[in-house]
Each structure stands twice: as C-alpha cells, then as structure tokens.
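Student: Per the numbering used here, the sequence shown starts with residue 21, numbered consecutively.
Sharing a structure, written as structure tokens. Questions coming.
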Amino acid sequence: MNSRTEQPIALISVHGDPAIEIGKEEAGGQNVYVRQVGEALAQRGWQVDMFTRKVSAEQDTIVQHSPNCRTIRLQAGSLDFVPRDNLFGYLPEFVENFLAFQTENSITYPLVHTNYWLSSWVGMQLKKIQGSKQVHTYHSLGAVKYNTINSIPLIASTRLAVEKEVLETAERIVATSPQEKEHMRSLVSTKGNVDIIPCGTDIKQFGCIDRQAARVQLGLDTEDKVVFYVGRFDPRKGIETLVRAVGQSQFRGNKNLKLIIGGGSRPGHSDGIERERIEKIVAELGISDFTTFTGRLSQEILPSYYAAADVCVVPSHYEPFGLVAIEAMASYTPVVASDVGGLQFTVVPEETGLLAPPQDVDAFAIAIDRIISSQQWRDQLGQGARTRVETKFSWDGVASQLSELYTQLLHPKVEEKEPALMSS
Ligand code: UDP
Numbered sequence: 021m022n023s024r025t026e027q028p029i030a031l032i033s034v035h036g037d038p039a040i041e042i043g044k045e046e047a048g049g050q051n052v053y054v055r056q057v058g059e060a061l062a063q064r065g066w067q068v069d070m071f072t073r074k075v076s077a078e079q080d081t082i083v084q085h086s087p088n089c090r091t092i093r094l095q096a097g098s099l100d101f102v103p104r105d106n107l108f109g110y111l112p113e114f115v116e117n118f119l120a121f122q123t124e125n126s127i128t129y130p131l132v133h134t135n136y137w138l139s140s141w142v143g144m145q146l147k148k149i150q151g152s153k154q155v156h157t158y159h160s161l162g163a164v165k166y167n168t169i170n171s172i173p174l175i176a177s178t179r180l181a182v183e184k185e186v187l188e189t190a191e192r193i194v195a196t197s198p199q200e201k202e203h204m205r206s207l208v209s210t211k212g213n214v215d216i217i218p219c220g221t222d223i224k225q226f227g228c229i230d231r232q233a234a235r236v237q238l239g240l241d242t243e244d245k246v247v248f249y250v251g252r253f254d255p256r257k258g259i260e261t262l263v264r265a266v267g268q269s270q271f272r273g274n275k276n277l278k279l280i281i282g283g284g285s286r287p288g289h290s291d292g293i294e295r296e297r298i299e300k301i302v303a304e305l306g307i308s309d310f311t312t313f314t315g316r317l318s319q320e321i322l323p324s325y326y327a328a329a330d331v332c333v334v335p336s337h338y339e340p341f342g343l344v345a346i347e348a349m350a351s352y353t354p355v356v357a358s359d360v361g362g363l364q365f366t367v368v369p370e371e372t373g374l375l376a377p378p379q380d381v382d383a384f385a386i387a388i389d390r391i392i393s394s395q396q397w398r399d400q401l402g403q404g405a406r407t408r409v410e411t412k413f414s415w416d417g418v419a420s421q422l423s424e425l426y427t428q429l430l431h432p433k434v435e436e437k438e439p440a441l442m443s444s
C-alpha cells in the first residue's frame, strides 16, 4: 500500500477536454495527453479529477472514465465552443466554479497540474487562494509560436506575461523535450524549476497490426506507396508543405503513390477553412486522383492507418512535442518531420526517419522519396522507430515519472523512503 492511495489531484485543461473525440475543433495532443496521463496516474493510486470547460448544454457535467479518474466540466461563459484565443476573460468564472465544486464535494486539491497557458493562470490563482502546489505543462509556447505565424493575436502580450509568471512561480514546469526546455530558458525566463518528462503513447495499441493486414483492412494494395499525414488542420501544421512536396516531379510517374490526409472537422470551423485551402492546392497541383482526405480518424482505426503507411509526414512549422510522430514510430512506420522542437527529440535522422527544414518543399520531397524507394530501408527505419518509442515514450513510463514528481512535491521526506514506487 502506498501513501498516494486516493490522494486527490486536479489536472486542469480549460480548452482541451480529455473526454471528447480527438481530431476536430482544436482537439489534439493536449486532450490525448491529459486523458492518458490521468488514466495512467489513476492506475497508480491517485484520485484524478480532470477539469475542463463545458461547451454545450448536452455535455455531461461529469464523465467517469475509471473508478479513480473522471472529467469534470465547469461552466465559464456561455455553453458554446469558444476559440482558445478568446477564452482568457472567462477564466475568473472557471476559478469560481472550481472552488464551488471543491466546497460542494468537500475536496481541496493539494496539487494541480495545469495544461497550456490558460490553465496555468487558473493554477496560479488556486496557488494564491489555497496554496495548491502547481505543476505545469505548456504544450505550446507563445514566445516560439509567435515567431512562426504572420498575424499575432490580440491576446499575445497577456499570454507571454502569464507564461513568464508561471515559469517563475510554479513548483515545477514539465518540458516535454530538451528543445522545449531550451526555448523556455532562452525565450521566457532563466528562473524557475524545469524537469523534462516527455509525452508518451500507447505502445500496445500502436503497433498491434502489421502492414499487410492493415492494408487489407483499409482496401490498400501491397504495391501502394502510402504517404500519410494525420492531425489538426491548422496552418502551423504545414500540410501545404507536404502536398506541394508530393506534387513535385519525381512523384509524377509513380502510379502506386497514395497520399492520405487524416483529421479535420466540419466546414465553417477554423480547421474547415484550412482544409478547404489545402484541398484547393491539391486540386491546383493536379494530385487529387491519388490524394484522399479521410476526415477525423478515431483512435481505434488510427493504428491501421499508421501501420499501412510507408512513411508518416509531420511537416509542422513549430511542434512542442508532436504525438503523431511517436504514434507512427510505435507502429513501425518511419517519420519524415520538420527539423523543429520536439520532433528533433523524437525522430533520429537516418535511424527512425528523416528531418527536413520546415516549409522546405524540396527537402521534404527528397526525404519522402528516399524512404518510399527502398522497402528494406523503410523496414529498418521502422524497426528503429519502434525501439526508440518502447524505450523512451510509453505512457506508463511517463506516468511513473509524473507520479514520482507529485510525490516529491507533496511528501518531500516520504519520497526518499519509497524508491521502489518510482520504477515502472
Ligand atoms: N488525432 C486523432 N484523430 C485525428 C487527428 C488527430 O486521433 O483525426 C490525434 C493524434 O492521434 C494525436 C493527436 O490527435 O494523438 C495530435 O497530437 P499532436 O501532438 O501530434 O498535435 P497537436 O494537435 O497537439 O498540435
């Protein structure tokens, strides 16, 4: 029996609901991270409550995932979807409703793990009001992101100030890669405590089906050369670079080439606009006949897509971590990714895939071509990719490190006596 049993902790993810379907309307890596971390921590004996914003009256207020893990939806502003850049003004109400929930349920969370800068503000208030210890994961850093986009949103200065304050005041910041830590230090502040604990993936789910079986399931031929992208439709994801790369001359004569682009939601939402833009470029390039837009792919079907692919491409302009890369790698599929952020940590060039400068269409085309041209090398890279994920990026390993960190913060002395709990 350990001292953590049923100790309540709050994971706060205001804009990234851990209980909703992933792959649409801003739902991506953060939602997956919070849900997976929450469930894995609950299995290790923590009582995990994951707080998010309720976005419609139809949504359940509480979703019970497992005996010790639930999502709790608090009202903040109207019961509508609000893009993350417009959410800051609703946060005081979120804090009020968090406190009301605690009172109604006779719980005071001694530790809150906040996700993204919006939630970090909530955590800082809880720290001031009731002394909760704060652990924070950024998921994206304004200081890096604003260097990669053309129009800076109005909220930028507030975000940058909040990101600096939380770095300097939280008990611990979790950087998901050495690159992210370096960005914090060089662009945000040299003060504050930062630990590196990567994101993880489900190594049983991804990698559970082989390439041939996956191709049969998806109606793809053995000879097809499958280039795969999955993720949100956001200009920062660089899908344009991928389609322009595949539109290059070296692929023109390849009758077996298939480009599969997964993710996205319905038209009228912001990712719908980006999807329409990409579809237009695909049509202009004349590659529509071998390009498929699948729409959102469920986590259940995704392992088959990754396994069926010869190469998975992650062409982001900026990527703090990039779960898609490790999901593909866990599925024995090499990755061609932008040479940025967390992708420099997960993808090892010539061993698990290749890196190319972001937005460099020619470099992406060359890298993709190298991998799809040699089945043997593709398999070798795929095996290297799987091994890297198994050793470094399983959710269980990640949860074990987070659990160790929480224990250290909550019971500084007890922790020294419990070394056996720290390994998974
Ligand atoms: N995803 C999904 N279905 C989709 C598109 C994306 O399940 O149609 C998942 C994908 O498997 C990954 C996450 O969304 O787990 C995206 O995370 P990543 O870190 O790559 O990007 P982010 O969305 O955080 O920018």
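Heads up, the beta-carbon is just placed ideally off N, CA and C, and yes, glycines get one too.
If the criterion is Cβ atoms closer than 7 Å, does the pair Trp-66 and Gln-95 meet it?
Tutor: no
Student: Identify which residue in Pro-218, Arg-297, Leu-107, Arg-316 has its Cα closest to the Cα of Ala-419.
Tutor: Pro-218
Student: By the DSSP assignment, the alpha helix (DSSP H) with Phe-121 in it spans what residues?
Tutor: 111-125
Student: Counting Cβ pairs closer than 8 Å, one from the segment 149-156 and one from the segment 170-178, do we hit at least three?
Tutor: These segments do not touch.
Student: Going along the chain, which residues of its own chain have a beta-carbon closer than 7 Å to the beta-carbon of Gln-421, five neighbours each way excluded?
Tutor: If the five residues before and after Gln-421 are omitted, its C-beta is found closer than 7 Å to the C-beta atoms of Ile-217, all from its own chain and listed in chain order.
Student: Take Leu-138 as the anchor and find which of Glu-243, Val-182, Ala-163, Gln-268 has the nearest alpha-carbon.
Tutor: Val-182
Student: Out of curiosity, what's the CA-to-CA distance linking Glu-435 and Gly-362?
Tutor: Low confidence applies here, because Glu-435 scores a pLDDT of 48, under 50, leaving its location unreliable and the question unanswered by this model.
Student: Counting only beta-carbon separations shorter than 7 Å, does Ser-414 have a partner in chain D?
Tutor: This model lacks chain D altogether, as it is built from one protein chain only.
Student: Pop quiz: Leu-317 and Val-250 are said to be a contact at Cβ under 8 Å. What is the actual Cβ separation, rounded to whole angstroms?
Tutor: 6 Å
Student: If you reduce the DSSP assignment to three classes, tell me which class Lys-201 lands in.
Tutor: helix
Student: Taking the C-alpha atoms as reference points, what is the distance between Glu-424 and Ser-197?
Tutor: 18 Å
Student: Find out if the Cβ-Cβ distance for the pair Asn-276, Lys-245 is shorter than 7 Å.
Tutor: In terms of Cβ geometry, Asn-276 and Lys-245 form a close pair [threshold 7 Å].
Student: With a cut-off of 8 Å on the beta carbons, I'd call Thr-72 and Met-144 a contact; round off their distance for me.
Tutor: Not confirmed; about 18 Å, so no contact.
Student: Measure the C-alpha to C-alpha separation of Phe-271 and Val-54 and round it to an integer number of angstroms.
Tutor: The alpha-carbon atoms of Phe-271 and Val-54 are separated by roughly 39 Å.
Student: Does Gly-36 come out as helix, strand or coil in the three-state DSSP assignment?
Tutor: Residue state for Gly-36 is assigned as coil, using DSSP reduced to three classes.
Student: Does the segment 300-313 come close enough to the segment 344-356 to have 3 or more Cβ pairs within less than 8 Å?
Tutor: With the cut-off at 8 Å, the segment 300-313 and the segment 344-356 do not touch.
Student: May I have the straight-line CA-CA distance separating Ile-445 from Asp-215, to the nearest angstrom?
Tutor: With the chain running from 21 to 444 in the structure shown, residue 445 is simply not present.
Student: What's the C-alpha gap between Tyr-325 and Ala-233?
Tutor: 11 Å
Student: Answer with buried or exposed for Ser-98, where buried requires no fewer than 16 other C-beta atoms within 10 angstroms of its C-beta.
Tutor: exposed
Student: Based on Cα-Cα distance, which residue from Arg-252, Val-367, Arg-93 lies nearest to Arg-408?
Tutor: Val-367
Student: Going residue by residue through the segment 251-297, where are the continuous alpha helix (DSSP H) segments of at least 4 residues, counting only ones entirely within it?
Tutor: 259-266
Student: Please determine, among Lys-257, Glu-113, Ile-229, Asn-117, the residue with the shortest C-alpha to C-alpha distance to Ile-169.
Tutor: The shortest C-alpha separation from Ile-169 is found at Lys-257.
Student: Take Phe-101 as the anchor and find which of Pro-130, Asp-69, Gly-36, Leu-161 has the nearest alpha-carbon.
Tutor: Gly-36
Student: Quick check on Ile-29: does DSSP put it in helix, strand or coil?
Tutor: Secondary structure at Ile-29: strand, using DSSP grouped into helix, strand and coil.
Student: Does DSSP put Asp-215 in a helix, a strand or coil?
Tutor: strand
Student: Apart from the five residues on each side of it in sequence, which residues of its chain come closer than 8 Å, Cβ to Cβ, to Pro-377?
Tutor: Ser-358, Asp-359, Ala-383
Student: Pick out whichever of Pro-432, His-431, Trp-415, Leu-429 has its Cα sitting closest to the Cα of Ala-60.
Tutor: Trp-415
Student: Give me the Cβ distance between Asp-330 and Ile-391, rounded to the nearest whole Å; I'm assuming they're in contact under 8 Å.
Tutor: 7 Å
Student: Could you tell me which of Asp-105, Pro-103, Ile-32 sits nearest to Asp-69, measuring between CA atoms?
Tutor: Nearest option by C-alpha distance: Ile-32.
Student: Relative to ligand 1, is the shortest distance from any of its heavy atoms to the C-beta of Leu-238 smaller than 6 Å?
Tutor: no
Student: Do you know how far the Cα of Ile-149 is from the Cα of Thr-314?
Tutor: 47 Å
Student: Figure out for me which residue from Pro-354, Asn-125, Val-381, Asp-380 has the closest Cα to the Cα of Leu-374.
Tutor: Pro-354
Student: Taking C-alpha atoms, which residue in Asp-380, Phe-226, Asp-241 lies nearest to Phe-413?
Tutor: For the residues Asp-380, Phe-226, Asp-241, the minimum Cα distance to Phe-413 belongs to Phe-226.
Student: Span of the alpha helix (DSSP H) holding Val-186?
Tutor: 176-189
Student: Quick one: does the C-beta of Arg-316 sit closer than 6 Å to a heavy atom of ligand 1?
Tutor: Ligand 1 approaches Arg-316 closely enough that one of its heavy atoms is under 6 Å from the residue's Cβ.
Student: Could you check if Gln-56 belongs to the surroundings of ligand 1, using beta carbon to heavy atom distance under 6 Å?
Tutor: no
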